[in-house]
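Encoded as structure tokens, the structure appears first; notes follow it.
Numbering (our numbering), first residue to last: 49 to 210.
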């Protein structure tokens with residue numbers, strides 16, 4: 049992912065109002081991020097923990113999506129829809145996102161199960177366990193990174209209703 053400025057991040061959001069865009073809390077570690085190891089930028093709002101933000105690259109443009117933590121969370125361990133990591137060090141939570149444009153203004157949403165700390169980029173880059181890696185662990189790692197990117201892009205396109 050390419051490095052983004054504060055104004056580029058704010059301007060990328062497609063499913064928020066102008067007031068929400070101005071008020072959103074950016075990640076506190078924005079200046080320290082290793083953009084080359086990120087497939088997307090994701091963070092939770094420290095003032096409103098039920099709100100999360102994703103910025104996903106789609107066709108060389110950033111697509112920002114505001115998420116809301118669902119009220120009733122899964123009781124047992126679920127699979128993240130993005131990274132599909134089964135050895136998660138973090139919990140998976142249900143988030144919903146308003147669709148962009150007229151559909152979102154009508155209240156239409158989509159939902160997904162995502163790592164609650166949005167650490168999917170880190171998860172797919174971990175060395176795979178020996179029983180999963182086969183003869184080429186690096187090839188599996190690269191495949192997992194590509195799969196994450198495809199899932200992210202698909203989600204962003206669904207929010208954009210494209």
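C-beta atoms are modelled at their ideal positions from N, C-alpha and C, and glycine is treated no differently.
As the structure is a computational prediction, the values presented were derived from the model and not from experiment.
Here DSSP, grouped into helix, strand and coil, assigns residue 195 to helix.
Ranked by Cα distance from residue 172, the options 194, 204 and 91 are led by 194.
In this chain, the beta strand (DSSP E) harbouring residue 144 covers 140 to 146. Here residue 160 has 129, 143 and 203 as same chain residues with Cβ atoms under 7 Å from its own Cβ, once five neighbours each way along the sequence are excluded. Residue 61 is bridged by DSSP to 112.
DSSP, read as helix, strand or coil, puts residue 67 in helix. As a beta-bridge residue in DSSP terms, residue 105 pairs with 110.
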